[in-house]
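Note sheet for the following structure.
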Amino acid sequence: ITELQFHLYLNAFRNSRSTFMKESGGVMRGSRIDKEGWGYIDVHRITLLDGEDLTASLEFIQPDDGNVNDKTLARVPLPRPLRPGDSVIVHFDFTAKMPQPPFARTGAKEEFFFVAQWFPKAAVYIDGAWNSHQFHANSEFFADYGVYNVNMTVPADHILGATGIEVEVKDNGDGTRTHVYHAEDVHDFAWTSSPEFVEFNDRAQDVDIRVLMQPDRAYQGPRHVEATKVAVEYFQNWYGDYPFPNLTVVDPRRGAGGSGGMEYPTLITAGTTYGLPEGLRAVEAVIIHEFGHNYWYHLLASNEFEESWLDEGINTYTEIQIMNDRYGPVGDVIDVMGFKINNLQVQRADYLFSADLDQTVRKAWEYYPGSYGTNSYAKPGLLLTTLHNYLGKEKMLEVMRAYVARWRFKHPKTQDFIAVVNDVSGLDLNWFFDQALFSNAVLDYSIERVASTPVGKGRGFDFSLATVVRDSSAAPAEDADAAERVDTTGSLAEEGQNKQYHSSFYVRRKGTFKFPVEIAATFSNGETVRETWDGQEIWKKFSYLKPTKLVSATVDPERKIPLDINYTNNSAVVEPSKLGANKLALRWMFWMQFFLDQPEFLNLFSNLIPEF
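Rendered as structure tokens:
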């Protein structure tokens with residue numbers, strides 16, 4: 023190794039021409055930096071253990087876009103190459119200023135501080151090279167594991183929370199205290215401080231829980247504690263042991279929402295508002311999501327620059343599963359005044375806005391505008407839920423537990439995850455991942471041309487014979503014309519005795535994503551015939567000759583394929599009734615009008631749904 027590379031993330035906020043500010047337009051999740059609230063990190067001196075000064079060799083680099091105004095990544099040439107087994111100790115003398123108010127995960131608002139990405143952070147040297155990128159508006163982080171010993175001196179009346187465990191508090195006798203924290207096997211360190219925190223403590227299994235609430239929302243402390251206990255218990259029971267002894271949950275103060283909904287080792291931020299209804303479970307969803315990052319990003323340190331889905335998408339999938347199991351099966355995220363919405367439905371709504379704009383696996387800053395969130399969160403959450411339903415719950419749990427066990431404290435890549443899925447399932451599922459992750463293919467199967475008609479009297483010389491051919495069984499799906507070879511004589515049909523109906527429908531693949539589907543054909547006597555189809559061709563016809571009429575046909579009747587972009591064409595009836603549709607339309611119009619008249623409600627929900 024001939025040089026070291028370091029991230030200086032706070033420099034994203036030092037001027038309006040940094041790559042982050044240009045890409046974001048100076049706005050992140052509705053927040054803007056105050057006129058005098060720029061943040062930065064200035065490196066004053068870099069020295070080796072023997073005192074050799076490397077400061078003059080510090081060089082800002084911009085490997086992604088060549089933007090000379092971006093100072094979020096730097097290289098420092100070494101005086102002597104590091105050979106295998108060698109090590110080097112580097113001292114940084116630096117000043118970090120937090121943006122105001124908190125912007126893009128970090129910053130200060132009056133006496134509330136959330137301090138993240140505040141120190142020169144070593145890039146990751148992997149596969150024989152530095153894997154390092156500038157700080158982009160859509161990119162998060164990638165770092166190596168280490169041991170942190172951090173002293174934080176704050177006013178004596180401040181309550182402090184941080185990554186790791188507190189080992190000592192020193193009273194300095196000058197109105198300040200120094201909090202000493204220690205953390206092992208983590209790849210980041212963040213902390214928060216405020217004189218206004220109201221503290222709640224509890225325990226979930228073997229994990230100590232600490233919740234730091236704002237005073238005006240302290241009454242929601244027990245709710246935050248309970249949601250945290252749910253998160254810890256589900257993740258440990260389903261995916262393996264949480265390797266740390268504690269977890270701190272922070273409620274950012276009013277006006278500091280830019281630091282909400284974010285994750286750090288053993289320290290996460292939530293976000294709520296005064297008067298939040300119990301049935302609007304945004305708090306629960308955020309806490310479950312952010313704690314999940316302690317598995318899918320902190321325990322398994324994937325590269326969020328280049329494969330954001332591997333953290334955010336897997337985390338969205340587990341959020342969907344936990345919310346549904348704990349608060350479902352219906353209305354697991356919204357259950358207010360009879361209006362029920364599931365987390366899965368929220369993710370589908372997000373996905374449908376930009377389902378085919380990009381493939382899922384690509385660098386975070388290279389997506390089509392607005393497509394990053396869909397392909398990092400919603401789409402992978404849906405594709406993994408589809409896989410969950412395909413493999414079955416127990417097999418999918420086995421897959422996820424194996425993934426955690428095999429890649430703990432390592433840097434897994436997409437192909438590593440796929441290898442675990444194939445190995446544990448015993449199947450070659452590359453066909454699925456090739457479409458779901460490495461293409462922009464969309465999945466859409468529909469039912470079309472549903473018909474059911476009585477078989478009438480045959481005409482011609484052959485039908486003058488007194489012969490009756492009857493078959494009440496379903497014609498094999500492989501022989502679409504078989505039903506047409508089964509008939510009955512006109513005299514019996516006309517008298518209503520042993521009357522037969524020729525029924526048929528088509529299942530059509532309207533998207534380019536190929537996936538096996540289940541089909542249900544329901545008849546007037548209540549019988550349901552189940553079919554399966556590999557979904558490879560453009561369409562397939564299903565025909566039946568039965569003594570009862572076909573009523574309806576449905577593809578994916580149990581909604582096992584949330585990747586399907588259009589549920590409205592999944593079923594069709596022979597004789598549609600307007601009554602049910604009218605009632606549904608009236609109900610839908612009522613609720614849409616209700617929510618459109620209350621934008622603050624919608625804004626609250628959209629702001630609290632996890633995006634980091």
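In terms of this note's numbering, the sequence shown has 447 at position 425, counting the first letter as 1, and numbering is strictly consecutive.
Glycine is no exception: its CB is placed at the ideal position from the N, C-alpha and C atoms.
| Asked | Found |
| --- | --- |
| Give the single residue among G243, V368, G360 whose Cα lies nearest to the Cα of I342. | V368 |
| Report the option in P391, S398, G277, P287 whose CA atom is closest to the CA atom of A165. | P287 |
| Do the stretch 414-433 and the stretch 377-393 touch if we need at least three Cβ pairs shorter than 8 angstroms? | no |
| Excluding the five sequence neighbours on either side, which residues of its own chain have a C-beta within less than 7 angstroms of the C-beta of R471, listed in chain order? | F527, Y528 |
| Along the chain, where does the beta strand (DSSP E) that runs through K385 open and close? | Premise fails: K385 is in no beta strand (DSSP E) and is neither H nor E. |
| Mind checking which residues open and close the alpha helix (DSSP H) that includes T436? | 436-447 |
| Classify Y389 as helix, strand or coil using the three-state DSSP reduction. | coil |
| Terminal residues of the continuous alpha helix (DSSP H) containing N268? | From DSSP, N268 is part of no alpha helix (DSSP H) but of the beta strand (DSSP E) over 268-272. |
| In or out: R581 buried (at least 16 other Cβ within 10 Å) or exposed? | exposed |
| For S53, collect the residues of the same chain with a Cβ closer than 6 angstroms to its Cβ; drop the 5 residues on either side in sequence, then sort them by chain order. | F125, G280 |
| Please find out if some non-hydrogen atom of the ligand MN comes closer than 7 angstroms to the beta-carbon of V208. | No copy of the ligand MN occurs in the structure displayed, which carries no ligand at all. |
| In three-state DSSP terms, what is F219? | coil |
| Measuring straight from C-alpha to C-alpha, what distance separates M43 and G283? | 20 angstroms |
| Return the chain-ordered list of same chain residues with a C-beta closer than 6 angstroms to the C-beta of D501, the five sequence neighbours on each side being excluded. | Confidence in D501 is poor, its pLDDT being 43 and thus under 50, which makes the residue's placement unreliable; the coordinate value appears in the next sentence. Taken in chain order, the list of residues that qualify is empty. |
| When the Cα of R430 is compared with those of T128, L76, G262, which residue comes out closest? | G262 |
| Within 10 angstroms of the Cβ of P434, are there 16 or more other Cβ atoms? Answer buried if so, exposed if not. | buried |
| Is R303 helix, strand or coil when you go by DSSP? | coil |
| Could you compute how far the alpha carbon of T338 sits from the alpha carbon of A400? | 7 angstroms |
| In this structure, does DSSP put T250 in helix, strand or coil? | helix |
| Using 8 angstroms as the Cβ pair cut-off and three pairs as the minimum, do the stretch 153-169 and the stretch 385-394 touch? | yes |
| For D695, which option in F257, D207, S216, P106 has the closest C-alpha, if you only look at C-alpha atoms? | Absent from the model: residue 695. The displayed extent of the chain is 23 to 634, so no value can be given. |
| What is the rounded straight-line gap between the Cα of N259 and the Cα of I344? | 11 angstroms |
| Just the C-alpha distance for V110 and L71, rounded to the nearest angstrom, thanks. | 8 angstroms |
| I need the straight-line Cα distance from V595 to T576, nearest angstrom please. | 9 angstroms |
| What residues are listed by DSSP as bridge partners for G129? | F136 |
| Alpha carbons only, please: which of D115, L567, A145 is nearest the one belonging to V551? | L567 |
| Which residue's Cα is closest to the Cα of Y62: F82, I68, E597, K93? | K93 |
| Decide if Y589 is buried, meaning its Cβ has at least 16 other Cβ atoms within 10 Å, or exposed. | exposed |
| Under 8 angstroms, Cβ to Cβ, is there at least one residue of chain C near S330? | This model lacks chain C altogether; it includes just one protein chain. |
| To the nearest angstrom, how far is it from the Cα of D56 to the Cα of G197? | 29 angstroms |
| May I have the straight-line CA-CA distance separating G168 from E206, to the nearest angstrom? | 6 angstroms |
| Starting from Y147 and walking both ways along the beta strand (DSSP E), at which residues does that stretch end? | 146-148 |
| Rounded to the nearest angstrom, what separates D193 and R199 at their Cα positions? | 5 angstroms |
| Rounded C-beta distance between R370 and P584? I'm assuming under 8 angstroms. | 6 angstroms |
| By how many angstroms is the C-alpha of Q558 removed from the C-alpha of S468? | 14 angstroms |
| So, is R36 buried or exposed, given that buried needs 16 or more other C-beta atoms within 10 angstroms? | buried |
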